[in-house]
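First comes the structure, then the notes that go with it.
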Amino acid sequence: MRTALQEYRRIEHQGKPHYGQHAMVTALGCNDNLLSIEKMYDFLQTMADDIDMVRYGPPIVARFGGGIETGISGVQLIETSAISIHTNDAHRDMYLDVFSCKPFEAETVKRVLDDFFCPTTVECEVIYRK
Numbered sequence: 011m012r013t014a015l016q017e018y019r020r021i022e023h024q025g026k027p028h029y030g031q032h033a034m035v036t037a038l039g040c041n042d043n044l045l046s047i048e049k050m051y052d053f054l055q056t057m058a059d060d061i062d063m064v065r066y067g068p069p070i071v072a073r074f075g076g077g078i079e080t081g082i083s084g085v086q087l088i089e090t091s092a093i094s095i096h097t098n099d100a101h102r103d104m105y106l107d108v109f110s111c112k113p114f115e116a117e118t119v120k121r122v123l124d125d126f127f128c129p130t131t132v133e134c135e136v137i138y139r140k
């Protein structure tokens, strides 16, 4: 006989439990901070702190690619999942993912992004994983 397990999905959306919240952000036309590995490191830590997540170790940040595809990739592991970024140096564009099984405010994600990188355009889509 199988024992009933405690519900692990703690995010409620539209009256139903969900496992995680996933913000997918496209930020175009960012400032030159986008080119700095040090700023990306600071950004990932600040993002985790400002959305009230527990960081797990330091961020990993590195520049990859060649030519028009050169950019920075980075990840900050958090106790409840991860925050990851990918950028394009030439166009000053950033692609940010914040996924957590603990709820967070998407508006805070956008504010931190704007404070660091001042993008000309920001699109944010939030989905809830079941």
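Quick note on the numbering used here: the sequence shown kicks off at 11 and runs consecutively.
Every residue, glycine too, gets a C-beta built ideally from N, C-alpha and C.
- For the pair of segments examined, the segment 88-98 was found to touch the segment 49-60: the number of CB pairs separated by less than 8 Å reaches three.
- Between Ala-58 and Arg-65, the CB-CB gap stays under 8 Å.
- Where Tyr-138 is concerned, there is no enclosing alpha helix (DSSP H), although the beta strand (DSSP E) around it starts and stops at 131-139.
- DSSP places Ala-37 within a strand segment (E or B) once states are collapsed to three.
- About 6 Å separates the beta carbon of Gly-30 from that of Ser-110, a gap short enough to meet the 8 Å contact definition.
- Per the C-alpha coordinates, the member of Leu-87, Asp-60, Met-50 and Gly-76 positioned closest to Gly-67 is Leu-87.
- Around the beta carbon of Gly-81, 16 or more other beta carbons lie within 10 angstroms, which makes this residue buried.
- For Leu-87, the uninterrupted beta strand (DSSP E) segment begins and ends at 81-88.
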